[in-house]
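Per my numbering, residue 50 is the first one in the sequence shown, and the count goes up by one each step. No residue lacks a Cβ here, since even glycine has one placed at the ideal position from N, Cα and C.
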Amino acid sequence: MSFIVAIDGPAGSGKGTIAQIIANKLNFTNIDTGAMYRCVALYLLENNIELNNESEIINNLEKININIDENEKKVYMNDKDVTDKIRKPDVSKVVSQVSSVKEVRLKLIDLQRKMASGKNVVMEGRDITTVVFPNADIKIYLDARLDVRARRRYIEIVEKNKDIKYEDVLNNIIIRDKNDKEKEFGALKIANDATVIDTTYLNIEQVADKIISIIKMKMKG
Ligand code: DC
50 MSFIVAIDGP
60 AGSGKGTIAQ
70 IIANKLNFTN
80 IDTGAMYRCV
90 ALYLLENNIE
100 LNNESEIINN
110 LEKININIDE
120 NEKKVYMNDK
130 DVTDKIRKPD
140 VSKVVSQVSS
150 VKEVRLKLID
160 LQRKMASGKN
170 VVMEGRDITT
180 VVFPNADIKI
190 YLDARLDVRA
200 RRRYIEIVEK
210 NKDIKYEDVL
220 NNIIIRDKND
230 KEKEFGALKI
240 ANDATVIDTT
250 YLNIEQVADK
260 IISIIKMKMK
270 G
């Protein structure tokens, strides 16, 4: 048996934190697909691969192995713990561009479906409700006002003792929103049958509880 909760939304909409809370409360596996795109971006940066050279990116794809350890909450790329590295600004800056390459998407979509196989999962990203699991049991689209999303990301980074300017975080989100919504494959969009939740004025627990009640209702049949 497999029950799929698919959550999409832009950067800073709260989907990462909310997916984690839901997965913990319901004992589901949480799969953060953004982390997987970040691993590919990190690999390309570390190996000095020209990001405008699609064929070089494609040639390198088979060398990239990604594992998510759900219990330890760690992300591994080629057996190295990259949990913190993939959140750094240099990766955030290029990840959307990397995620626009069709072959990158095909590789990761395949991996995401394999990771979810036979399990109860909460999977979050940009194309989970539309491409990865268009027949998911539950489809949620989370959104929030741009400045609120940027403020959340800024606080998250500052809390990790990282020195960063709010304007830089805001600009990165503006650029990523544009790239994520306009890319040819796997663009961020709202599935027709998704429940849209605006989290601008809601706290994390309120949103998580709302989604959990939707899931429980569906599970009861
Ligand atoms: O959720 P995040 O900010 O960690 O995602 C990083 C980038 O990866 C984001 O800019 C878009 C891309 N992404 C994607 O294209 N498809 C997904 N399913 C998840 C993320």
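Is any non-hydrogen atom of the ligand DC found closer than 7 Å to the C-beta of residue i, if you look at the structure I gave you?
| i | result |
| --- | --- |
| D192 | no |
| S262 | no |
| V218 | no |
| Y92 | no |
| A243 | no |
| G83 | yes |
| G235 | yes |
| I177 | yes |
| Y86 | yes |
| S148 | yes |
| R162 | no |
| V144 | yes |
| R225 | yes |
| A60 | yes |
| D139 | no |
| G270 | no |
| D229 | yes |
| G63 | no |
| G167 | no |
Identify, in the order they occur along the chain, each residue of the same chain with its Cβ nearer than 7 Å to the Cβ of residue i, setting aside the five sequence neighbours on each side.
| i | result |
| --- | --- |
| Q146 | L100, N228 |
| K123 | D130, T132 |
| D247 | D192, A193 |
| V89 | I113, V147, V153 |
| K267 | D186, I187 |
| K265 | none |
Helix, strand or coil: how does DSSP classify residue i here?
| i | result |
| --- | --- |
| A72 | helix |
| E173 | strand |
| Y190 | strand |
| D159 | helix |
| V54 | strand |
| D242 | coil |
Whose C-beta lies closer than 6 Å to the C-beta of residue i among residues of the same chain, with five residues either side of it excluded?
| i | result |
| --- | --- |
| L157 | M85 |
| I70 | A257 |
| A240 | T178, T179, K188 |
| N197 | Per the sequence presented here, residue 197 reads as Val, with Asn not at that position. The residues are T249. |
| I117 | V124 |
Closer than 8 Å by C-beta to residue i: which residues in its own chain qualify, once you throw out the five before and the five after it? Chain order, please.
| i | result |
| --- | --- |
| N109 | Y92, L93, N96, I98 |
| I253 | G63, T66, I67, I70 |
| S262 | none |
| I213 | P138, Y203, I206, V207 |
| S51 | A165, S166, G167, K168, N169, V170 |
| K74 | A257, I261 |
Ordered list of beta strand (DSSP E) runs contained in the stretch 75–134, each at least 3 residues: As far as the stretch 75–134 is concerned, its whole beta strand (DSSP E) runs of at least 3 residues are 78–81, 115–118, 123–126.
I'd like the ranges of any alpha helix (DSSP H) spanning at least 4 consecutive residues and lying wholly in the stretch 207–234. Fully enclosed alpha helix (DSSP H) runs of 4 or longer: 215–231.
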